[in-house]
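A.B. asks: Here's a structure for you.
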Amino acid sequence: MTDVILPGSTLGMLGSGQLGRMFAIAARRMGYRVHVFSPDADSPTGQVADREFVAEYEDLDAVREFANTVSVVSFEFENVPAITSQAAGEIVPVRPGGHVLHITQNRNREKGTLSDAGLPVTPFAPVHTEEDLKNAVESLKTPAVLKTAGGGYDGKGQRIIKTPDQALAMWDELGRQEATYEAFIEFQGECSLVAARGVTGEFKAFPLFENEHANHILDVTMCPARVPQQVREDAEQIARAVFEILDVVGVMCVEFFWTKDDRLLINELAPRPHNSGHLTVDAHLTCQFEQQVRAICGLPLGSVRQHQPAAMVNLLGDLWEKGEPDWRSLCDHDTSKLHLYGKHEARVGRKMGHITTLANDIEDARTQALNARESL
Numbered sequence: 407m408t409d410v411i412l413p414g415s416t417l418g419m420l421g422s423g424q425l426g427r428m429f430a431i432a433a434r435r436m437g438y439r440v441h442v443f444s445p446d447a448d449s450p451t452g453q454v455a456d457r458e459f460v461a462e463y464e465d466l467d468a469v470r471e472f473a474n475t476v477s478v479v480s481f482e483f484e485n486v487p488a489i490t491s492q493a494a495g496e497i498v499p500v501r502p503g504g505h506v507l508h509i510t511q512n513r514n515r516e517k518g519t520l521s522d523a524g525l526p527v528t529p530f531a532p533v534h535t536e537e538d539l540k541n542a543v544e545s546l547k548t549p550a551v552l553k554t555a556g557g558g559y560d561g562k563g564q565r566i567i568k569t570p571d572q573a574l575a576m577w578d579e580l581g582r583q584e585a586t587y588e589a590f591i592e593f594q595g596e597c598s599l600v601a602a603r604g605v606t607g608e609f610k611a612f613p614l615f616e617n618e619h620a621n622h623i624l625d626v627t628m629c630p631a632r633v634p635q636q637v638r639e640d641a642e643q644i645a646r647a648v649f650e651i652l653d654v655v656g657v658m659c660v661e662f663f664w665t666k667d668d669r670l671l672i673n674e675l676a677p678r679p680h681n682s683g684h685l686t687v688d689a690h691l692t693c694q695f696e697q698q699v700r701a702i703c704g705l706p707l708g709s710v711r712q713h714q715p716a717a718m719v720n721l722l723g724d725l726w727e728k729g730e731p732d733w734r735s736l737c738d739h740d741t742s743k744l745h746l747y748g749k750h751e752a753r754v755g756r757k758m759g760h761i762t763t764l765a766n767d768i769e770d771a772r773t774q775a776l777n778a779r780e781s782l
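Using my numbering, the first residue of the sequence shown is number 407, and each one after it goes up by one.
And the structure:
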């Protein structure tokens with residue numbers, strides 16, 4: 407049996423943004439210490455961690471020094487260099503493992519792995535050459551989306567191709583780097599399922615989340631999702647298969663397109679807690695960050711029972727353009743909970759925080775959350 411990493415131990419976090427911050431808060435609440443490895447000093451995670459190691463991810467001596475101070479390492483974003491996770495893994499367990507990072511850091515590897523396993527993914531074709539691009543246009547048609555195979559998030563590294571003659575120019579705009587050509591999906595909604603898998607294979611999934619985006623950035627999340635029961639069951643079944651195929655230990659999010667004929671297609675994976683899961687901090691008995699702690703430490707997973715219907719809205723840096731938001735007005739909304747991430751500079755499109763609202767039904771929760779943000 408795998409040794410359990412008990413409270414009082416020190417946990418390591420690669421990455422230092424808001425996801426690491428909320429992980430550290432959950433871990434410290436449970437009696438753990440937290441060390442963070444960050445390229446930047448006084449990071450959102452560093453502000454609440456016990457110790458902040460400041461160095462570049464490629465500084466492997468510093469990575470090993472960091473790993474020698476902790477019992478297990480996790481990460482808060484999937485673009486940690488492979489050599490970094492490998493160096494840490496020489497000393498302590500890294501969960502999820504480096505093999506999960508390797509697959510999810512590249513769209514073609516990710517989609518190919520899932521497709522080969524018989525899981526439903528958006529129709530796609532890898533693009534390495536002009537000939538690949540030409541064949542993709544011919545087989546998958548237009549409109550379509552061309553995405554860089556690595557590094558993109560929140561709509562970055564993506565181009566919409568409306569007609570075949572645009573394809574080459576769009577690939578030029580992406581620097582002709584390896585890309586993924588995806589058929590455009592007629593969907594009626596976007597959903598995500600956050601789940602956890604422990605070292606013994608125990609699996610628990612949060613209720614399916616329903617997501618609304620603005621300018622390719624998550625704007626509103628609602629739970630439970632307003633979808634048929636069969637869709638919820640399908641989402642959990644697909645997610646469980648993904649976790650088992652990749653042998654994930656930790657928390658991961660599976661993002662879906664919900665098609666007009668009530669099918670689910672996997673859009674992408676995030677092998678870590680997810681923006682859409684932030685509402686679990688206030689709305690569920692165990693939040694996604696506590697679940698991450700439990701999973702990587704070999705503890706039993708917590709209950710995912712939801713207290714009330716909930717909605718979350720993101721707070722982007724745009725809100726600071728005319729000065730500090732009106733926090734006092736927000737606090738007049740007594741069903742809303744404010745979370746700020748400790749970032750020093752507000753920029754347009756940058757996630758600075760979020761608001762979660764609980765209500766008796768999901769429509770009311772969404773309305774109240776939007777009204778609370780509007781009051782800022």
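The C-beta atom is built at its ideal place from N, Cα and C for all residues, glycine as well.
1. Please report the straight-line C-alpha distance between D578 and L614, rounded to a whole angstrom.
2. Give the straight-line distance between the Cα atoms of D456 and A493, rounded to the nearest whole angstrom.
3. Just tell me which of P706, Q572 and F662 has its CA closest to the CA of K547.
4. Considering only their Cβ atoms, is the gap separating N673 from T528 smaller than 8 Å?
5. Are Q694 and V600 close, meaning C-beta to C-beta below 8 Å?
6. Please work out which residues of its chain come closer than 7 Å, Cβ to Cβ, to A765, disregarding the five sequence neighbours upstream and downstream, and give them in chain order.
7. Nearest-angstrom Cα distance between N734 and L744?
8. Would you mind reading off the limits of the alpha helix (DSSP H) that contains C597?
9. Does the Cβ of P502 have 16 or more other Cβ atoms within 10 Å, making it buried, or fewer, making it exposed?
10. Cα separation between Q511 and L652?
11. Would you give the residue range spanned by the alpha helix (DSSP H) that F649 belongs to?
12. Can you give the beta carbon distance from T416 to S477, rounded, assuming they're within the 8 Å contact cut?
13. To the nearest angstrom, how far is it from the Cα of L746 to the Cα of T490?
14. Since L725 and K757 are thought to touch, with beta carbons under 8 Å apart, how far apart are those beta carbons, to the nearest angstrom?
15. Based on Cα-Cα distance, which residue from R565, V454 and P445 lies nearest to V430?
16. Any idea what DSSP makes of N621, helix, strand or coil?
17. Following the continuous beta strand (DSSP E) through G759, name the residue where it begins and the one where it ends.
18. Whole angstroms are fine: how far does the CA of R565 sit from the CA of G418?
C.D. replies: Taking the coordinates as given:
1. 38 Å
2. 22 Å
3. Q572
4. yes
5. yes
6. Q714, P715, T741, A771 and Q774
7. For the record, residue 734 in the displayed sequence is Arg; it is not Asn. The alpha-carbon atoms of R734 and L744 are separated by roughly 11 Å.
8. It is not in any alpha helix (DSSP H) - C597 instead sits in the beta strand (DSSP E) that spans F593 to R603.
9. buried
10. 13 Å
11. Q635 to L652
12. 6 Å
13. 29 Å
14. Contact flag wrong, Cβ pair sits at about 11 Å.
15. This sequence places Ala at residue 430; Val is not what is there. A430 has its Cα closest to that of V454, out of R565, V454 and P445.
16. coil
17. K757 to L764
18. 36 Å
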